[in-house]
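Note that UniProt numbering numbers the sequence shown so that position 105 is 105, with each residue one more than the last.
Everything on this sheet refers to the single structure shown next.
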Amino acid sequence: MNDYEPAHRPPAGSSPVAGPDRASRSRRSRWGKRGTWIAAAGLTVAMVGLAGAGTASAAELSPAASTPVGGGPAAPPSDGGTTGIIDSKSASSFTLATATGVEVTVNEDSATTYRLGILPAPANVVRTGESVLVLGLVDSATITASQVTVQPFGDGGAAAAQKAGVIAFQQGVPSPTQSVGQIPTDYTEGDGTIVSGAVADKATTASQAVVPGGVVDRVVLLSDGEYEVHNISINWPHHVFVSKDFKVLGYE
C-alpha cells in the first residue's frame, strides 16, 4: 500500500495554469516543420479543447503535490517525467513548457544521457525550441534528468494532449469525473508500490505518448502487475493505467 497520494488541486490564491497556447506557439525545430509527436498507444478518444492561457510552474499549479491527502509524511521524489518545448537553456539545465503550459525546470548532470529520436546523441542536441521527452527523478516542478530524448518534428505533445482531451488546470474548477478506456474496477487511489528505473521510464514514456500535458510524478505497480501512472498539474486525467507490456489501457 502506498501512503503517498498528493492533492491534485492547489489552495485558493495560487496562480492559474497556462494553457495550450505556449505549446501551440512552440518554435520550429532545426529539422523544419513540426510534425506529429510519437505515436499514441492505440486508444480512440474524443477530441476535447485544452483550457487555460499563459504559463505557470508545476509548484504553482500543485503546491501540495508532495503532501499526501489527509496529512502524513511528504512523498519523496520519484521517477517520472514530462514532455514539452524547451524555452530556455543554460550550461547544466533547461526549462520547458508542457502542452498545457506547465513550466518545468530540468537539471542535467554527468549521468544524464541524450537521444535524438531513437539514436544516442551528444548533450548539445538539447536546444531552445526543441520538443523533448524528459525522464528522471521528479520533485514537483523540477526533474533531475536521467534521459532527455529530442523528438524530431515534435510539437511538445500538443496534438496528443488535444486528442486525449487533457484538461489544463483552472483555478477553482474541480476535476471532472470521467474515464476513457479500461479502468481497473478494484482500483483505489493510493494503492500499489512505487517503482523506479527502467520500468518507471517505460510506463512514463507510454503514458506521455497518449496523455501528455502534465507531469508524471510517480509510477505505481498494482497488484495485478499493471501500472498506474500519476499526473499532477492538470485538471484531468490524473491516473493513466498501463499494461504489463507498457500499453496505455485507459485513464481517468
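Backbone N, C-alpha and C define an ideal beta-carbon position, used for all residues, glycine too.
Own chain residues within Cβ distance below 7 Å of Asp139, not counting five before or after:
Translated into the one-based positions of the sequence shown, residue 139 becomes position 139. In the same chain as Asp139, and ignoring 5 residues on each side of it, the C-beta atoms closer than 7 Å to its own belong to Pro77, in chain order.
Going by Cα to Cα distance, which pick from Asn235, Ser131, Ser93 and Tyr227 is closest to Lys202?
Start at 1 with the first residue of the sequence shown, and residue 202 comes out as number 202. Relative to Lys202, the option among Asn235, Ser131, Ser93 and Tyr227 whose CA is nearest is Tyr227.
So what does DSSP say about Gly154, is it helix, strand or coil?
Reading the sequence shown from its first residue, position 154 is the one you call residue 154. Three-state DSSP puts Gly154 in coil, outside helix and strand.
Buried or exposed: which applies to Ser146, given that a residue is buried once 16 or more other Cβ atoms fall within 10 Å of its Cβ?
Indexing the sequence shown from 1 puts residue 146 at position 146. The residue in question, Ser146, is buried, as its Cβ has 16 or more Cβ neighbours within 10 Å.
Count the other CB atoms within 10 Å of the CB of Ile232; is the residue buried (16 or more) or exposed (fewer)?
Counted from its first residue, the sequence shown places residue 232 at position 232. Under this definition Ile232 is a buried residue.
My output table needs one value for Gly197: the three-state DSSP class, helix, strand or coil.
Within the sequence shown, numbered from 1, the residue matching residue 197 stands at position 197. Of the three classes helix, strand and coil, the one that applies to Gly197 here is helix, per DSSP.
Which residues does DSSP list as the beta-bridge partners of Leu133?
Residue numbering aside, residue 133 sits at position 133 when the sequence shown is read from its first letter. According to DSSP, which records beta bridges pairwise, Leu133 is partnered with Thr83 and Thr149.
Tell me whether Ala91 is buried or exposed, calling it buried when 16 or more other Cβ atoms sit within 10 Å of its Cβ.
For this step, residue 91 is matched to residue 91 along the sequence shown. The residue in question, Ala91, is exposed, as its Cβ has fewer than 16 Cβ neighbours within 10 Å.
Phe94 versus Ile86 - alpha carbon distance:
As a first step, residue 94 is located in the sequence shown; it is residue number 94 there, counting from the start. As a first step, residue 86 is located in the sequence shown; it is residue number 86 there, counting from the start. Spanning the two alpha carbons is a distance of roughly 7 Å.
Euclidean distance between Cα positions of Trp236 and Ala159:
On the sequence shown, residue 236 is found 236 positions in, with the first residue counted as 1. On the sequence shown, residue 159 is found 159 positions in, with the first residue counted as 1. Taking the straight line joining both Cα atoms gives about 16 Å.
If contact is defined by three or more beta carbon pairs under 8 Å, each pair taking one atom from either stretch, is the region 97-108 in contact with the region 180-197?
With the cut-off at 8 Å, the region 180-197 and the region 97-108 do not touch.
May I ask which residues mark the beginning and end of the beta strand (DSSP E) holding Thr95?
Against the sequence shown, residue 95 aligns to sequence position 95. It spans Ser93 to Ala97 - the beta strand (DSSP E) in which Thr95 sits, taken as one unbroken run.
Quick check: is any heavy atom of the ligand HEM less than 7 Å from the C-beta of Glu228?
With respect to the ligand HEM, the structure offers nothing, as it holds no ligand at all.
Under the three-state reduction of DSSP, which class applies to Lys247: helix, strand or coil?
Along the sequence shown, read from residue 1 onward, the residue named residue 247 stands at position 247. Of the three classes helix, strand and coil, the one that applies to Lys247 here is coil, per DSSP.
Alpha carbon to alpha carbon, how far is Val195 from Ala206?
Locating residue 195 in the sequence shown gives position 195, counting from the first residue. Locating residue 206 in the sequence shown gives position 206, counting from the first residue. Their Cα atoms are separated by approximately 15 Å.
Which one or two residues does DSSP pair with Lys89 in a beta bridge?
Within the sequence shown, the letter at position 89 stands for residue 89. Its beta-bridge partners are Phe94.
What did DSSP end up calling Thr205 once you bin it into helix, strand or coil?
Stepping through the sequence shown from its first residue, residue 205 is reached at position 205. Helix at Thr205.
Beta bridge counterpart(s) of Ala168 as assigned by DSSP:
For the purposes of this step, residue 168 is taken as the residue at position 168 of the sequence shown. Paired residue(s): Ile234.
Can you round the beta-carbon distance between Thr204 and Val220 to whole angstroms, since I take them to be within the 8 Å contact cut?
Translated into positions along the sequence shown, residue 204 becomes position 204. Translated into positions along the sequence shown, residue 220 becomes position 220. Contact between Thr204 and Val220 is ruled out by a C-beta separation of about 12 Å, above the 8 Å threshold.
Quick one: grab the DSSP three-state call for Val215.
Counted from its first residue, the sequence shown places residue 215 at position 215. Val215 falls in the strand class under three-state DSSP.
Just the Cα atoms here: how many angstroms apart are Trp37 and Thr100?
For this step, residue 37 is matched to residue 37 along the sequence shown. For this step, residue 100 is matched to residue 100 along the sequence shown. Any reading at Trp37 must be qualified, since the residue scores a pLDDT of 34, below 50, and its modelled position is unreliable; no value is offered.
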